[in-house]
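Residue numbers (this note's numbering): 317 to 381. Backbone N, C-alpha and C fix where the C-beta goes; we use that ideal spot for every residue, glycine too. Being a predicted model, the structure only gives us computed values, none of them experimental.
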Amino acid sequence: MTFAAGDEVLIVSCEDDPRAAGRTGRIVDEVPPGPLTQGRWTVNRVGFFIGPVLCHGHELRPTGR
């Protein structure tokens with residue numbers, strides 16, 4: 317799945333940080349992720365005690381906002 321910077325997403329699951337599952341956040345990446353992040357999207361604004369997380373596209377769902 318492809319996202320754009322600023323898209324709000326629901327984190328269904330997150331291998332990087334399981335605490336992020338069930339929360340919403342915003343996509344940071346302005347281009348599709350590459351080898352540096354192992355194809356994972358950077359999601360920010362997940363929670364006060366959770367920093368940016370890296371999630372695979374299949375772990376994210378667009379919220380439409």
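- Around the CB of residue 376, 16 or more other CB atoms lie within 10 Å, so the residue is classed as buried.
- Using a Cβ distance threshold of 8 Å, residue 344 and residue 378 do not count as a contacting pair.
- With a cut-off of 8 Å on Cβ pairs, the segment 332-343 is in contact with the segment 352-363, counting three or more such pairs.
- DSSP places residue 335 in the helix class (H, G or I) of the three-state scheme.
- Just so you know, the alpha carbons of residue 331 and residue 366 end up roughly 14 Å apart.
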